[in-house]
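Engineer: Before anything else, here's the structure in question.
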Amino acid sequence: MSQILKACGHKVVMVNLVNDRGIHICKSMLAWQKFGHGETPSSAGLKGDHLVGKYYVLFDKKYKEQIESLEKEGMSKEDAEKKAPLMTEIQEMLRKWEAGDQEVMDLWKKMNGWVYDGFGETYKKLGVTFDKIYYESQTYLLGKEIIADGVSSGAFYKKDDGSVWIDLQDAGLDSKVLLRSDGTSVYITQDMGTAQLRFDEYKGLQKLIYVVGNEQDYHFKVLKEIFRKLKRDWADGLYHLSYGMVDLPTGKMKSREGTVVDADDLIKEIVEESEMATKAQGKLDNYDSPEAKQLYHDLGMSALKYFILKVDPKKRMLFNPAESIDLNGNTGPFISYTYARIRSVLRKGESLKRTGDNFGTHHPSKEEKSLIRLIYQYPTIIRDAAENYNPAIVASYAYDLAKAYNHFYHDHVVVDANDQIVSSFRLHLSEQTSLVISKCMSLIGVNVPERM
Numbered sequence: 224m225s226q227i228l229k230a231c232g233h234k235v236v237m238v239n240l241v242n243d244r245g246i247h248i249c250k251s252m253l254a255w256q257k258f259g260h261g262e263t264p265s266s267a268g269l270k271g272d273h274l275v276g277k278y279y280v281l282f283d284k285k286y287k288e289q290i291e292s293l294e295k296e297g298m299s300k301e302d303a304e305k306k307a308p309l310m311t312e313i314q315e316m317l318r319k320w321e322a323g324d325q326e327v328m329d330l331w332k333k334m335n336g337w338v339y340d341g342f343g344e345t346y347k348k349l350g351v352t353f354d355k356i357y358y359e360s361q362t363y364l365l366g367k368e369i370i371a372d373g374v375s376s377g378a379f380y381k382k383d384d385g386s387v388w389i390d391l392q393d394a395g396l397d398s399k400v401l402l403r404s405d406g407t408s409v410y411i412t413q414d415m416g417t418a419q420l421r422f423d424e425y426k427g428l429q430k431l432i433y434v435v436g437n438e439q440d441y442h443f444k445v446l447k448e449i450f451r452k453l454k455r456d457w458a459d460g461l462y463h464l465s466y467g468m469v470d471l472p473t474g475k476m477k478s479r480e481g482t483v484v485d486a487d488d489l490i491k492e493i494v495e496e497s498e499m500a501t502k503a504q505g506k507l508d509n510y511d512s513p514e515a516k517q518l519y520h521d522l523g524m525s526a527l528k529y530f531i532l533k534v535d536p537k538k539r540m541l542f543n544p545a546e547s548i549d550l551n552g553n554t555g556p557f558i559s560y561t562y563a564r565i566r567s568v569l570r571k572g573e574s575l576k577r578t579g580d581n582f583g584t585h586h587p588s589k590e591e592k593s594l595i596r597l598i599y600q601y602p603t604i605i606r607d608a609a610e611n612y613n614p615a616i617v618a619s620y621a622y623d624l625a626k627a628y629n630h631f632y633h634d635h636v637v638v639d640a641n642d643q644i645v646s647s648f649r650l651h652l653s654e655q656t657s658l659v660i661s662k663c664m665s666l667i668g669v670n671v672p673e674r675m
């Protein structure tokens, strides 16, 4: 989306908010402290983020065991959830973190460092970069300051237990807790801080676009209403680019239960699928060369990214790895193959391609006119995608262009030494088609191959 907005002339700053503190982080820390026996990424042979995720899942498992044990002793489920020893310990650890306890802070820095190393590897595989990274640990206090000001102004109210709330019923929403009774922050506390920070930091900022799943739709409605209540003139500039969840054939993924398909595993699987599909075509000279390995990776990424991005962001979808690499379907590899085919045609006909635009008396065919019309739609397509925050518009257009070229290629001879005028026209048309396909795929983060 950032690339599409840039293509329309917008200045875009790519930022990442790392949720590096809070009770969910403490869960991994406490589980590692109690059950980890000093395990490290290197000793376990795991990426750092995978190791920390392992202890996040372990915490939930042990916590559920404690709840079940207390329920058997006659305690209600609600009381058991609150009084389970692990819950008491986790809340104490969070309080110690916010108080700056040295032992807790050292453990926090070590385990977060493992996670960042792991994230870095995955971002590199996906071709994702950021202009700036914010850390919640450095912004949540600003959120607390905004809350204190809101209480003073009457925009927020404090309950007898000390917790701070905002009443949003007049906006069709419920009352929302902004600060717990023990003074610790909640998710929205830090989001308030980072929103204020970004508008202070980037003068003239028009839109703050949150790319977050639709399970947080309510959260972002509340965030916008909070700043409307606080009379921030930029409140309407908060925009939630909400996207539907991505399911796999195995069902919904839940990180705390461990039923999650890790990004690294998904990338590995799709690259392997691409390698097998490419070898089955039997067209490569050296299957194990660095160029071939890069091709497998690029095809895998085109399969993964295109299959997800061709669906309207708001819609829930099922990602099928096998279907995503079909060279004959509405897939990234089909578009990549079409691009490589065009580049091959251009190499073959280089000597017949005239300079300038003198194509004599050639009258374009129906298929050629269709291609020309599609090429001229490019600026409109990119503008529509930007205005609607919808990369699927670009993905669908790239597919339509690839499909139209294949129809043209099937019905016409492009390179004909006996008809240089027609060949030159068709080579220029082919070149323009390839350039637009390449640009569209680049906008959705896909590298297209010169050869396949």
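The sequence shown begins at 224 in the numbering used here and counts up one residue at a time. A virtual CB, placed ideally from N, CA and C, is assigned to each residue, including glycine. Nothing here was measured: the structure is a model prediction, and the numbers come from that model.
Taking the alpha helix (DSSP H) that L293 belongs to, which residues open and close that run?
Structural biologist: As a working note, residue 293 is residue 70 in the sequence shown. Counting along the chain, the alpha helix (DSSP H) containing L293 begins and ends at G271 to K295.
Engineer: Work out the CA separation of H247 and S265 for me, nearest whole Å.
Structural biologist: Position 42 of the sequence shown holds residue 265. Position 24 of the sequence shown holds residue 247. Distance between the alpha carbons of S265 and H247 is about 24 Å.
Engineer: In whole angstroms, give me the CA-to-CA distance for S657 and F557.
Structural biologist: As a first step, residue 657 is located in the sequence shown; it is residue number 434 there, counting from the start. As a first step, residue 557 is located in the sequence shown; it is residue number 334 there, counting from the start. About 13 Å.
Engineer: Alpha carbon to alpha carbon, how far is G552 from D623? Give it in angstroms, no decimals.
Structural biologist: Working through the sequence shown from its first residue, we reach residue 623 at position 400. Working through the sequence shown from its first residue, we reach residue 552 at position 329. Roughly 12 Å between the two C-alpha positions.
Engineer: In or out: L471 buried (at least 16 other Cβ within 10 Å) or exposed?
Structural biologist: Along the sequence shown, one-based indexing puts residue 471 at 248. Label assigned to L471: exposed.
Engineer: If you reduce the DSSP assignment to three classes, tell me which class N613 lands in.
Structural biologist: Here residue 613 refers to the residue found at position 390 of the sequence shown. Note: N613 maps to coil in three-state DSSP.
Engineer: Suppose only complete runs of 3+ residues qualify. What are the beta strand (DSSP E) ranges in the region 468-554, listed by chain order?
Structural biologist: Correct list: empty.
Engineer: Return the Cβ separation of L575 and S647 in integer angstroms, given the expectation that the two are a contact with Cβ distance under 8 Å.
Structural biologist: Taking the sequence shown and counting its residues from 1, the one referred to as residue 575 is at position 352. Taking the sequence shown and counting its residues from 1, the one referred to as residue 647 is at position 424. Yes, they are in contact, since the Cβ atoms of L575 and S647 sit about 6 Å apart, within 8 Å.
Engineer: Out of curiosity, what's the CA-to-CA distance linking V241 and H635?
Structural biologist: For the purposes of this step, residue 241 is taken as residue 18 along the sequence shown, with counting starting at 1. For the purposes of this step, residue 635 is taken as residue 412 along the sequence shown, with counting starting at 1. Each residue's Cα considered, the two are about 53 Å apart.
Engineer: For the alpha helix (DSSP H) containing S657, name the first residue and the last one.
Structural biologist: Locating residue 657 in the sequence shown gives position 434, counting from the first residue. Counting along the chain, the alpha helix (DSSP H) containing S657 begins and ends at Q643 to L666.
Engineer: Since L453 is in the alpha helix (DSSP H), which residue starts that stretch and which ends it?
Structural biologist: By 1-based counting over the sequence shown, the position of residue 453 is 230. Note, L453: premise wrong, no alpha helix (DSSP H); not H, not E.
Engineer: If you draw a straight line from the C-alpha of I605 to the C-alpha of K533, how long is it?
Structural biologist: Reading the sequence shown from its first residue, position 382 is the one you call residue 605. Reading the sequence shown from its first residue, position 310 is the one you call residue 533. Spanning the two alpha carbons is a distance of roughly 14 Å.
Engineer: By DSSP, does S251 sit in helix, in strand, or in coil?
Structural biologist: Sequence index remark: in the sequence shown, residue 251 carries index 28 (1-based). Three-state DSSP puts S251 in a helix.
Engineer: Using the Cα positions of G416 and L401, report the straight-line distance between them to the nearest angstrom.
Structural biologist: Residue 416 sits at position 193 when you count from the first residue of the sequence shown. Residue 401 sits at position 178 when you count from the first residue of the sequence shown. Cα to Cα, G416 sits roughly 12 Å from L401.
Engineer: Using DSSP with H/G/I as helix, E/B as strand and the rest coil, what is L385?
Structural biologist: Stepping through the sequence shown from its first residue, residue 385 is reached at position 162. This sequence places Gly at residue 385; Leu is not what is there. Three-state DSSP puts G385 in coil, outside helix and strand.
Engineer: Which residues bound the alpha helix (DSSP H) around S408?
Structural biologist: Indexing the sequence shown from 1 puts residue 408 at position 185. Note, S408: premise wrong, no alpha helix (DSSP H); not H, not E.
Engineer: Determine contact between the region 459-469 and the region 419-439, defined as no fewer than three beta-carbon pairs at a distance below 8 Å.
Structural biologist: These segments touch.
Engineer: From the DSSP output, which residues share a beta bridge with V400?
Structural biologist: For the purposes of this step, residue 400 is taken as the residue at position 177 of the sequence shown. According to DSSP, V400 bridges with W388.
Engineer: May I ask you to list the residues that DSSP assigns as paired with H463?
Structural biologist: Stepping through the sequence shown from its first residue, residue 463 is reached at position 240. DSSP lists Y433 as partners of H463.
Engineer: Where in the region 297-371 do unbroken runs of the alpha helix (DSSP H), each at least 4 residues long, occur, reported from the N-terminal end onward?
Structural biologist: The region 297-371 contains these whole alpha helix (DSSP H) runs: 300-306, 308-321 and 325-349.
Engineer: With DSSP as the reference, label N629 as helix, strand or coil.
Structural biologist: To locate residue 629, count along the sequence shown from 1; it is residue 406. If DSSP states are grouped into helix, strand and coil, N629 belongs with the helices.
Engineer: Starting from the Cα of H630, find the closest Cα among E291, D549 and I565 and give me that residue.
Structural biologist: Locating residue 630 in the sequence shown gives position 407, where the first residue counts as 1. Checking every option, the nearest Cα to that of H630 belongs to I565.
Engineer: Please classify D272: is it buried, with 16 or more other beta-carbons within 10 angstroms of its beta-carbon, or exposed?
Structural biologist: The count along the sequence shown starts at 1 and reaches residue 272 at position 49. Looking at its Cβ environment, which holds 16 or more other Cβ atoms inside 10 Å, D272 is buried.
Engineer: Taking the alpha helix (DSSP H) that L240 falls in, what are its first and last residues?
Structural biologist: Here residue 240 refers to the residue found at position 17 when the sequence shown is read from its first residue. Run containing L240: none in the alpha helix (DSSP H); it sits in the beta strand (DSSP E), V238 to V241.
Engineer: Indicate the three-state DSSP secondary structure (helix, strand or coil) for Y380 in the structure shown.
Structural biologist: In the sequence shown, the residue the question calls residue 380 occupies position 157. If DSSP states are grouped into helix, strand and coil, Y380 belongs with the strands.
Engineer: With H, G and I counted as helix, E and B as strand and the rest as coil, what does DSSP make of M224?
Structural biologist: Taking the sequence shown and counting its residues from 1, one reaches residue 224 at position 1. In the structure shown, M224 sits in coil (DSSP, three-state: anything other than H, G, I, E or B).
Engineer: If you reduce the DSSP assignment to three classes, tell me which class T584 lands in.
Structural biologist: Position 361 of the sequence shown holds residue 584. Reduced to three states, the DSSP call for T584 is coil.
Engineer: Could you pull the start and end residues of the alpha helix (DSSP H) that K576 belongs to?
Structural biologist: Working through the sequence shown from its first residue, we reach residue 576 at position 353. It is not in any alpha helix (DSSP H) - K576 carries neither H nor E in the DSSP assignment.
Engineer: Could you give the distance in angstroms between the alpha-carbon of W255 and the alpha-carbon of L281?
Structural biologist: The count along the sequence shown starts at 1 and reaches residue 255 at position 32. The count along the sequence shown starts at 1 and reaches residue 281 at position 58. About 9 Å.
Engineer: Could you check what DSSP says for A608 in three-state terms: helix, strand or coil?
Structural biologist: Locating residue 608 in the sequence shown gives position 385, where the first residue counts as 1. DSSP places A608 in helix when its eight states are reduced to three.
Engineer: To the nearest angstrom, report how far apart K491 and L527 are at their CA atoms.
Structural biologist: Taking the first residue of the sequence shown as 1, we reach residue 491 at position 268. Taking the first residue of the sequence shown as 1, we reach residue 527 at position 304. Roughly 11 Å between the two C-alpha positions.
Engineer: The alpha helix (DSSP H) that contains L594, what's its start and end?
Structural biologist: By 1-based counting over the sequence shown, the position of residue 594 is 371. Per DSSP, L594 belongs to the alpha helix (DSSP H) from K589 to Y599.
Engineer: Leaving out the 5 sequence neighbours to the left and right, which residues in its chain are closer than 8 Å to Y380 when beta-carbon positions are compared?
Structural biologist: Reading the sequence shown from its first residue, position 157 is the one you call residue 380. Answer for Y380: V374, V387, W388, I389 and D390, listed in chain order.
Engineer: If you measure between the beta carbons of D243 and S408, is that distance less than 7 Å?
Structural biologist: Counted from its first residue, the sequence shown places residue 243 at position 20. Counted from its first residue, the sequence shown places residue 408 at position 185. Their beta carbons are not under 7 Å apart, which means D243 does not touch S408 by this criterion.
Engineer: Give a yes or no on whether the C-beta atoms belonging to L518 and P672 are separated by under 7 Å.
Structural biologist: If you number the sequence shown from 1, residue 518 lands on position 295. If you number the sequence shown from 1, residue 672 lands on position 449. Taking 7 Å as the Cβ cut-off, L518 and P672 qualify as a contacting pair.
Engineer: Excluding the 5 residues preceding and the 5 following Y441 in the sequence, name in chain order all residues of the same chain whose CB lies nearer than 8 Å to its CB.
Structural biologist: Residue mapping note: residue 441 aligns to position 218 of the sequence shown, counting from 1. For Y441, where only same-chain residues beyond five positions count, the Cβ hits under 8 Å are L396.
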